[in-house]
Every structure is written in C-alpha cells, then in structure tokens.
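In terms of this note's numbering, the sequence shown opens at residue 41 and continues consecutively.
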Amino acid sequence: MKTVQFNTMSIRFWLRHSKKEGQPGVVYCTLTCGGQEATPFSTGIQAWPPVKKGQTPTPRSWQNAPTSCLYGDAPDVEADNATLGALYNRLRSIKIDLERQGLPSDAAAVVEVLRGFGKAVPTLLQAAEQFITAREKQVRPATAPAWDKSGFSPATIKKYKCRFGLLREYLKKQQHVHMPLHKFTAKHADALCELILTRPAVAGKLSGAARGKGEAHYAGKVVGWVSQVLDFAINQEWLAVNPLSAWSAPHSFEKPLVYLLPEQVAKLEAYPFANAYLQRCADSFLFSCWTGLAWADLDSFDTATHIDAAGWLEMQRTKTGAGFAMPLLPGAVRLLNKYGAAGLPRYENAPLNRSLKEIGSLLGWEMDITHHAARRTFGMFLLNEDVPLATVSAVLGHRNERTTSRYYARFIERRKVARDFTALQVRLAAGQPQPAVGAPVPVAAPAKFAPRPFRPAVQKGGQVA
Numbered sequence: 041m042k043t044v045q046f047n048t049m050s051i052r053f054w055l056r057h058s059k060k061e062g063q064p065g066v067v068y069c070t071l072t073c074g075g076q077e078a079t080p081f082s083t084g085i086q087a088w089p090p091v092k093k094g095q096t097p098t099p100r101s102w103q104n105a106p107t108s109c110l111y112g113d114a115p116d117v118e119a120d121n122a123t124l125g126a127l128y129n130r131l132r133s134i135k136i137d138l139e140r141q142g143l144p145s146d147a148a149a150v151v152e153v154l155r156g157f158g159k160a161v162p163t164l165l166q167a168a169e170q171f172i173t174a175r176e177k178q179v180r181p182a183t184a185p186a187w188d189k190s191g192f193s194p195a196t197i198k199k200y201k202c203r204f205g206l207l208r209e210y211l212k213k214q215q216h217v218h219m220p221l222h223k224f225t226a227k228h229a230d231a232l233c234e235l236i237l238t239r240p241a242v243a244g245k246l247s248g249a250a251r252g253k254g255e256a257h258y259a260g261k262v263v264g265w266v267s268q269v270l271d272f273a274i275n276q277e278w279l280a281v282n283p284l285s286a287w288s289a290p291h292s293f294e295k296p297l298v299y300l301l302p303e304q305v306a307k308l309e310a311y312p313f314a315n316a317y318l319q320r321c322a323d324s325f326l327f328s329c330w331t332g333l334a335w336a337d338l339d340s341f342d343t344a345t346h347i348d349a350a351g352w353l354e355m356q357r358t359k360t361g362a363g364f365a366m367p368l369l370p371g372a373v374r375l376l377n378k379y380g381a382a383g384l385p386r387y388e389n390a391p392l393n394r395s396l397k398e399i400g401s402l403l404g405w406e407m408d409i410t411h412h413a414a415r416r417t418f419g420m421f422l423l424n425e426d427v428p429l430a431t432v433s434a435v436l437g438h439r440n441e442r443t444t445s446r447y448y449a450r451f452i453e454r455r456k457v458a459r460d461f462t463a464l465q466v467r468l469a470a471g472q473p474q475p476a477v478g479a480p481v482p483v484a485a486p487a488k489f490a491p492r493p494f495r496p497a498v499q500k501g502g503q504v505a
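See below:
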C-alpha cells in the first residue's frame with residue numbers, strides 16, 4: 041500500500057478483496073487528515089490480488105508500495121492507472137482550495153466536495169463574476185414598455201463591470217487574487233477606498249483635502265457593491281456572515297451642485313461663436329438645459345421618434361429604463377427648428393466635455409462645466425419656477441421623489457427656509473415696525489437704585505428687637 045503526505049493529508053489506495061473466489065477486488069481510497077480518517081470510498085477500478093513475493097505479477101494485479109497501481113501495460117490498465125493519478129491530484133487540489141478559502145479541510149470535507157455533496161466555495165473575484173453573470177440574465181429588454189421597471193439596465197451592468205475591475209486591481213496589488221470571501225474585512229475595504237482615491241485618474245484632478253469631495257463618495261459606492269457581492273454569496277450559502285456588515289464609508293464632503301443660472305443660459309444662447317464646432321457643442325448642451333436629457337439620452341434622441349404631434353418629448357432613460365414625457369419648452373423648440381431634418385449634433389461625451397470647458401473659459405465661468413450640468417440646470421430652473429417636486433421627478437425620469445430630493449436637497453431646504461422666514465417677517469411687520477438691518481438696537485436705561493426701607497426685626501411675642 042502507498043501512503044503520501046501532503047499538507048497533513050494522507051491519501052491511501054488499497055485493494056478490497058472480493059468475497060467470491062475467482063473474482064477481482066475493487067480499489068478503495070482512504071483519506072486521513074490530522075489523525076481523523078474519512079470513510080473509505082470505492083474508485084470503481086477492479087484489480088486482481090497481488091502475487092506473493094518472488095512470483096511474476098499477472099496482468100491487472102494490484103501492486104502494493106511503493107507503486108500502488110495496477111500491473112501491466114495493456115491500454116485498459118494504463119487508463120485505470122491514469123484515473124487513479126487524476127483522482128490523487130484532484131484530492132490534493134480540493135484540499136488546497138479549502139485551506140485557501142479558510143473552510144473546513146478535514147478528510148470528510150474533502151470527500152464531500154469530491155462526491156459533489158460539499159461545495160467548493162468560489163473566491164471573492166469568482167463570486168463577483170457570478171454576481172454579474174446572474175444580473176446579466178435579468179437585463180431589461182430594449183423593447184420593454186416604459187412602465188416596466190423590472191430587471192437591470194445595460195448601464196447598471198456596465199457600472200458593475202467597472203467596479204469589478206477596481207476590485208481586481210486592488211487584489212492584484214495586494215498579491216491576493218484568490219482572496220476567500222470571508223477575508224475581505226473592513227481593513228481591506230478602507231485600503232480599496234484609498235486605492236481609488238490615489239489612482240492617477242483621480243489624483244491627477246484633485247489633491248489633498250479636495251480629493252475627497254466626490255471621489256470618497258464613489259469609493260464608498262464601490263465598497264458597497266462588494267458588500268452586495270458578499271450578500272449574494274450568503275444567499276448562495278457560500279458565506280455565513282457578511283464581513284462588511286459593520287463597515288462605514290469614509291467621510292464624504294457634499295459635492296457641489298453645478299448648474300447655470302438663467303442669465304448664464306441667456307448669455308450662452310446669445311454668444312457669437314467664431315468656431316462652428318463650438319457653436320454646435322453649445323447648442324447640444326443648451327438642448328439638454330431645456331429638456332434635462334443626460335448625455336446618453338441625448339445621444340439616442342431622434343426627433344421623428346421621440347417628439348409626437350402635440351410637441352411632447354417622450355422617451356426612456358438609458359440609465360434606468362424609466363419612461364418620462366413632457367411638453368417642449370420654447371428654448372428646445374428653437375434648437376429643433378434651427379437644425380431641422382438634420383437633427384441635433386451628436387458628440388462623444390469626453391470630447392464634448394472638453395469643448396464645454398473651452399466654452400466656459402470664453403464666457404468667463406469659473407466653474408468646470410460638463411454636459412451633466414445641463415440636466416442640473418433644467419432641474420433647478422423648474423424648482424425655481426415653483427414646479428412641484430413630483431412633476432420635476434417625473435420629467436427627469438427619476439424612479440421616485442426621493443432620488444430628486446437627494447440631488448436638490450440643499451436648494452429645497454434653502455427655499456423652504458426662505459419661505460418660512462418671509463412669512464414670519466410678514467407676521468412680525470403686521471404687529472410693529474421692525475428695525476432696518478444695521479440700525480442700532482435701542483437699549484433700555486438702567487433703573488435708578490432705591491434703598492429698601494428699614495424694617496425692625498420682630499421677636500416672638502410681638503416685641504421689637
């Protein structure tokens with residue numbers, strides 16, 4: 041019999057003799073780990089008993105130590121010996137995988153995985169790939185009606201794959217590509233956030249304290265996605281507890297809301313561009329200022345398809361698939377009439393944003409303008425015109441009002457405070473005149489001191505002391 045030690049595991053092949061005379065026996069395998077032996081299992085390979093010492097082996101007879109294989113060179117014998125070798129390697133591989141994943145790797149667990157009853161738990165990257173694959177099967181078809189909110193949009197899958205790339209980049213940097221699921225703790229989550237903040241694409245734009253304004257929020261979203269993968273692993277019974285359940289995202293400064301004021305929009309419309317290309321980029325941006333279309337929606341916009349006879353714009357958001365409809369404002373109608381059947385100019389997002397920065401410098405804007413600022417401009421324009429939040433949410437294609445409130449929370453709060461204080465000032469003014477701002481506040485003159493009159497002490501019995 042042959043005994044092989046590997047990572048404290050003993051793999052032993054041996055022959056169980058047949059109880060019937062003249063019948064071959066069956067080769068069995070026994071695993072032992074840490075002194076604990078698993079129940080022997082059959083390999084299904086038949087062999088004749090080994091011959092006595094000094095005798096010539098017969099074909100297909102079992103060879104004890106040190107070979108532990110079948111004797112002979114017939115094709116069927118060589119195939120069975122190859123099967124035993126493959127089984128030996130498979131058992132070693134299972135043992136290594138279980139130890140690497142931090143799972144029970146005793147002899148019984150190895151045998152369970154071999155038989156298919158146990159589960160060879162995937163690594164973190166493998167689980168993330170399966171998470172994305174499962175979501176890809178639930179992508180909402182392009183022909184789905186506007187009211188259908190089921191499934192995932194292609195943009196969501198693209199976002200998942202981008203975050204998967206960041207996770208893989210981090211694990212490669214840590215030289216731990218095969219990290220088990222339960223090993224990705226809060227320490228690794230913080231390190232992943234730091235990697236995202238220090239990547240050249242981020243560090244080149246922001247440095248120091250300023251880098252945390254938007255990117256810290258995005259880094260938290262990436263780790264939140266990893267937490268979703270770990271929850272997916274729990275549902276698949278690969279993991280018992282999410283190691284990121286107690287993790288909190290790094291402090292994120294509120295990202296400023298970049299938008300144009302009405303006078304800035306009017307200045308952009310009237311600006312005489314000497315460059316025709318910049319003029320077309322400005323018109324593309326202005327159309328989104330009057331409709332709230334994101335770049336992906338503008339890229340798929342077609343006048344004949346998305347504008348009905350009543351002059352309403354109706355389409356689905358590329359990002360979420362949510363449908364929206366609204367009448368066109370005069371500014372949008374002017375641009376459609378300007379370009380006519382040729383349609384609005386279309387440009388890739390990155391070149392368009394570079395052109396918008398050049399336009400901003402021409403008009404003297406200090407803020408960095410991207411195409412998405414047009415969508416924010418449209419939302420702020422509607423809110424400033426006292427359009428109800430529910431209507432703003434509907435025409436922007438948001439799934440609910442909470443999404444709209446999150447983006448415009450600071451403005452909505454400021455507007456409410458202004459209205460409440462205006463009403464308060466009206467009520468106060470109705471009662472008495474109010475001092476102007478900066479006027480001295482009258483202070484009452486202190487009262488003159490008046491000494492208390494002397495009162496003699498009275499003792500018991502009514503006698504004066």
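Using N, Cα and C, we set each Cβ at its ideal position, and we do this for glycine too.
For MET219, the number of other beta carbons within 10 angstroms of its own is at least 16, and it is reported as buried. Three or more beta-carbon pairs drawn from the stretch 106-126 and the stretch 79-86 are found closer than 8 Å, and the two stretches are therefore classed as touching.
Cβ-Cβ distances below 6 Å link VAL269 to ALA167, ALA168, PHE171 in the same chain, with the five nearest sequence neighbours on each side left out; the list follows chain order. Here the alpha carbon of SER193 sits roughly 32 Å from the alpha carbon of ARG374. For the pair GLY380 and ASP339, the Cα-to-Cα distance works out to about 17 Å. By the CB criterion at 7 Å, CYS321 and ALA414 fall outside the cutoff. Around the CB of SER401, fewer than 16 other CB atoms lie within 10 Å, so the residue is classed as exposed. Shortest Cα-Cα distance from ALA147 to any of LEU131, ASN393, PRO162, ARG140 involves LEU131.
The stretch 265-296 is shown to contain no whole beta strand (DSSP E) run of 3 or more residues. Taking every protein chain shown into account, the CB of TRP352 has fewer than 16 other CB atoms within 10 angstroms, so this residue is exposed.
According to the DSSP assignment, GLN319 belongs to no beta strand (DSSP E) but to the alpha helix (DSSP H) extending over 316-331. For the 7 Å CB-CB criterion, ILE136 and VAL150 do not form a contact. Assignment of GLN178 by DSSP, reduced to helix, strand and coil, places it in the coil class. In this structure, GLY332 places its C-beta atom within 7 Å of the C-beta atom of PHE418.
By alpha-carbon distance to ILE347, the top candidate from GLY260, THR48, ASP426, ASN377 is ASN377. In the structure shown, the three-state DSSP call for GLU77 is strand. For LEU318, the closest alpha carbon among the candidates ILE399, ALA174, ASP426 is that of ILE399.
If you look at ARG357, you'll find it isn't in any alpha helix (DSSP H); DSSP assigns it neither H nor E. Per DSSP, reduced to three states, the secondary structure at THR70 is strand. Close CB contacts of SER445 within its chain, under the 8 Å cut and outside five residues either way in sequence, are with LEU429, ILE452 (chain order). Rounded to whole angstroms, the separation of the alpha carbons of ASP460 and LYS359 is 37 Å. For TRP335, the enclosing alpha helix (DSSP H) begins and ends at 335-339. Separation of GLY142 and THR163 (C-alpha to C-alpha, rounded to the nearest whole angstrom) is 11 Å.
Pairing GLY437 with ARG357 gives a Cβ-Cβ distance under 7 Å. Annotation for ARG374: the continuous alpha helix (DSSP H) segment containing it runs 370-379.
Distance from the Cα of PRO296 is smallest, within the candidate group THR48, PRO115, ARG416, LEU154, for ARG416. Burial state of ARG439 is exposed, judged by a 10 Å Cβ sphere holding fewer than 16 other Cβ atoms.
Taking the CA atoms as reference points, VAL91 sits about 10 Å from ASN104. PHE313 carries a coil assignment under DSSP once its states are collapsed to helix, strand and coil. DSSP places SER50 inside the beta strand (DSSP E), whose first and last residues are 49-56.
For ARG386, no alpha helix (DSSP H) encloses it, and the DSSP letter there is neither H nor E. Taking 8 Å as the upper bound for CB-CB distance, ALA226 and TRP287 are in contact here, some 4 Å apart.
Of the other Cβ atoms in all chains shown, 16 or more fall within 10 Å of the Cβ of ILE51; this residue is therefore buried. Boundaries of the alpha helix (DSSP H) harbouring ASP137: 115-140, taken from the DSSP string. Here ARG467 has no same chain residue with a Cβ atom under 6 Å from its own Cβ, once five neighbours each way along the sequence are excluded.
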